[in-house]
Each structure stands twice: as structure tokens, then as C-alpha cells.
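Taking it in order: structure first as C-alpha cells, then the write-up.
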Amino acid sequence: MLASFCPVIRTSRIEESRAFYTGLFGFKVTYETPWFVDLARPALPPRELGLIDLGHPAVPEAQRLPVRAVRIVLESEAGEAELQHALSRAGFDARRVFRPPGRAPGALTVMDPSGVRVHVVAPA
3 MLASFCPVIR TSRIEESRAF YTGLFGFKVT YETPWFVDLA RPALPPRELG
53 LIDLGHPAVP EAQRLPVRAV RIVLESEAGE AELQHALSRA GFDARRVFRP
103 PGRAPGALTV MDPSGVRVHV VAPA
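Numbering of the sequence shown is given in the numbering used here, commencing with residue 3 and proceeding in unit increments.
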């Protein structure tokens, strides 16, 4: 049985990515080195996300490329206006925020500093 799940994003922008996920989505840093950051959401069940410097020797040389074609879906109780305000307050480039065609109101997609698509939806 699966006890936990922690996706890890390879990035050359580890500091900006850490600020993005902690500042906008409430992740907390649980472990940090210059080349790796472990983030968690203090909720049950816990949610984790890792960030690794793509140039670090722990990453096989053939995989030292930025993440491509990944989408993360986050459920947020914040409304669309609140999320837009948080993005603006954080100095986030509004050109990187979009609503996919055919999506319900309140669903937004933003690009994190590494180019990962983060789809934010309201609770069902």
C-alpha cells in the first residue's frame, strides 16, 4: 500500500520555485540544502513536493534538463479573485496566468518559475 507520494521538480530556478510554492500555496520548507528543497503542506493527509537543482550530481547527466510536459493540479479554497490578488501581490507576471478553454469559472492555470503548469481548481 502506498504510504506517501512526493513529486520532485528538476529546476535551474530553485529559489524562485521555493518562493512560488511557499508564497502562493502555503507549502512549508521541511528540509533544505543549496541543491534540494523539500516542501510540505501541513494538512491531513500531508502533501509533499520536492525541488532539485537539475545540475546537481544526484541527477543523472542524461536527465539534467528542465521538467517538460508536467501539470500539477492543486485544489484551493481561495476564489479566483483571491488567487489573482495573491499572484499580483507576489509580483507574478500576469501573462503567465490563463484560463484553459472550456474550464469552469474559478479554474486557473499558472506557470511556475520552472515552466511547470499548475492547474488550480476550486473544491468539488
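Glycine included, each C-beta is placed from N, C-alpha and C at the ideal position. Values in this document were obtained by computation on a predicted structure and should not be read as measured data.
Nearest-angstrom Cα separation, counted from residue j out to residue i
i   : j    : result
L67 : T24  : 23 Å
T35 : I74  : 24 Å
L76 : H121 : 6 Å
D55 : G28  : 21 Å
G93 : E18  : 12 Å
A88 : P44  : 20 Å
G57 : R15  : 11 Å
Strand pairing of residue i, partner residues [DSSP]
i    : result
G52  : V10, D40
L110 : V122
L76  : V122
Y33  : D40
Sequence-distant residues of its chain with Cβ nearer than 8 Å to residue i (five each side left out)
i   : result
G52 : C8, P9, V10, I11, F38, V39, D40, L41
R70 : G117
Neighbourhood of residue i by C-beta distance below 6 Å, restricted to the same chain and skipping five residues each side
i   : result
F22 : D114, P115
Close beta carbons around residue i, own chain, < 7 Å, minus the five adjacent residues each side
i   : result
L85 : S78, L110, V122
V61 : R12, I54
Of the residues the options, the one placed nearest residue i, counting alpha carbons only
i   : options        : result
R49 : R15, K30, V118 : K30
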